[in-house]
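As structure tokens, the structure follows; a few thoughts come after it.
Numbering (the UniProt record's numbering), first residue to last: 1 to 336.
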């Protein structure tokens, strides 16, 4: 991946689900009364999303989405970042665009035209927080499901050291086509492509397609232990890790408090988890990927990339919310 060190307009370009996180306090028993399983995440349709949203008094509405979270964290570390994702021409779509641009991220995407939106609003994840701190999530993917090759920015992809693809976005066939085209565009420009598997359920649904994508279009693979075991249909982490190391140039596998392991061209690097007080693990993998990709963009050794990644993840799990609140550069003891 020597091309990562070449001059580029962007250190990182993310492609993922553009979601607004709606955080709302609710009384004890509210999730159960609405037929929800407390502590779960459920995908819902537009009618259900509108009904739930109408019952809430949101405490905060802010940009979300796995790779968008990674992009924000990478920008806070000092990376130059771009992001591609689809939003509708509505209040939440404008809020997402304002939020991600406020983080210093280039977001060239116009809201979906009416004929492409087909009535779909901007995606939202309604996070209901009961007095005991438990979070129950209801996610409406909306405009995200329209993402396809027309939403790619070929110039930006060609001028980004690394393009980072979100597994959560991989469901619609049009998005799968877009991922393959993004990989083609990046490699044609001599750039690197990274993929997050995102969730074991994503892997279960699209195992063969993910494997084909990884083998033909991906240089850097991020996965946690459950995801990589699912990908290779084994209970043996070492077997799965060895197969991942043979599939991509760089495989980065996280194991929660046990730390992580990275394989660059087959060479193994063990990475310790950073000390942390666990409050909310939401976004830990997003922050970890941000730190690692930031380090790669700076040409740092794998061990140092992993150290920065672990520090970023530790900061995020120390508070509620999936994006960093402290100065990651200072925490990671980065110069300047």
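For every residue, glycine included, the Cβ atom is placed at its ideal position computed from N, Cα and C.
| Check | Outcome |
| --- | --- |
| Within 10 angstroms of its Cβ, does residue 192 collect 16 or more other Cβ (buried), or is it exposed? | buried |
| If contacts are defined as beta-carbon pairs under 8 angstroms, then residue 120 and residue 143 qualify, I think. What distance do you get, rounded to the angstrom? | 5 angstroms |
| Please classify residue 252 as buried or exposed, where buried requires at least 16 neighbouring CB atoms within 10 angstroms. | buried |
| I'd like to check one pair, residue 322 with residue 286: are the Cβ atoms closer than 8 angstroms? | yes |
| Report the option in 222, 269 and 230 whose CA atom is closest to the CA atom of residue 67. | 222 |
| Since I believe residue 126 is in contact with residue 56 (beta carbons under 8 angstroms), could you give me their beta-carbon distance rounded to a whole number of angstroms? | 7 angstroms |
| Could you give the first and the last residue of the continuous beta strand (DSSP E) run that contains residue 11? | 10 to 15 |
| Could you check which residue in 318, 139, 212 and 232 has the C-alpha nearest to that of residue 277? | 318 |
| Could you give the distance in angstroms between the alpha-carbon of residue 20 and the alpha-carbon of residue 100? | 11 angstroms |
| In angstroms with no decimal places, state the Cα-to-Cα distance between residue 60 and residue 24. | 7 angstroms |
| Rounded to whole angstroms, what's the CA-CA distance from residue 205 to residue 196? Just pull it up for me. | 15 angstroms |
| Starting from the N-terminal side, write out each stretch of the beta strand (DSSP E) that is 3 residues or longer and does not extend beyond the region 39 to 126. | 41 to 43, 60 to 64 and 81 to 84 |
| Just to check my reading of the structure: residue 123 and residue 176 have Cβ atoms closer than 8 angstroms, yes? What is that Cβ distance to the nearest angstrom? | Not quite, the Cβ-Cβ distance comes to about 18 angstroms (not below 8 angstroms), so this is no contact. |
| Could you round the C-beta distance between residue 249 and residue 259 to whole angstroms and report it? I think they count as a contact, below 8 angstroms. | Contact flag wrong, Cβ pair sits at about 21 angstroms. |
| Straight-line CA distance for residue 107 to residue 157? | 12 angstroms |
| Taking only three categories from DSSP, how would you classify residue 234? | coil |
| Determine the closest residue to residue 264 out of 207, 282, 245 and 102, with distance taken between C-alpha atoms. | 245 |
| The alpha helix (DSSP H) with residue 255 in it runs from where to where? | Counting along the chain, residue 255 falls outside any alpha helix (DSSP H), and DSSP gives it neither H nor E. |
| Considering only residues of the same chain and omitting the five flanking positions on each side of residue 212, which have a CB-CB separation below 7 angstroms? | none |
| Pick helix, strand or coil for residue 218, following the three-state DSSP scheme. | coil |
| Pop quiz: residue 28 and residue 130 are said to be a contact at Cβ under 8 angstroms. What is the actual Cβ separation, rounded to whole angstroms? | 5 angstroms |
| By alpha-carbon positions, which one of 83, 134, 274 and 138 ends up nearest to residue 46? | 138 |
| Using the rule of at least 16 other Cβ atoms within 10 Å of the residue's Cβ for burial, across every protein chain shown, is residue 190 buried or exposed? | exposed |
| Could you check what DSSP says for residue 310 in three-state terms: helix, strand or coil? | helix |
| Taking the alpha carbon of residue 51 as the point to measure from, which residue in 34, 134 and 202 has its own alpha carbon closest? | 34 |
| Between the beta-carbon of residue 348 and the beta-carbon of residue 198, is there less than 8 angstroms? | Absent from the structure is residue 348, since the part of the chain shown begins at 1 and ends at 336. |
| Would you grab the beta carbon distance between residue 296 and residue 163 for me? Rounded to a whole angstrom, and I think it's under 8 angstroms. | Not quite, the Cβ-Cβ distance comes to about 12 angstroms (not below 8 angstroms), so this is no contact. |
| Thinking C-alpha only, which one of 72, 309 and 141 is nearest residue 93? | 141 |
| The alpha helix (DSSP H) spanning residue 377 covers which residue range? | Given that the chain is displayed from residue 1 to residue 336, the structure contains no residue 377 and the question cannot be resolved. |
| Check whether the Cβ atoms of residue 310 and residue 273 lie closer than 8 angstroms to each other. | yes |
| Taking DSSP's pairing of strands, which residues face residue 25 in a bridge? | 129 |
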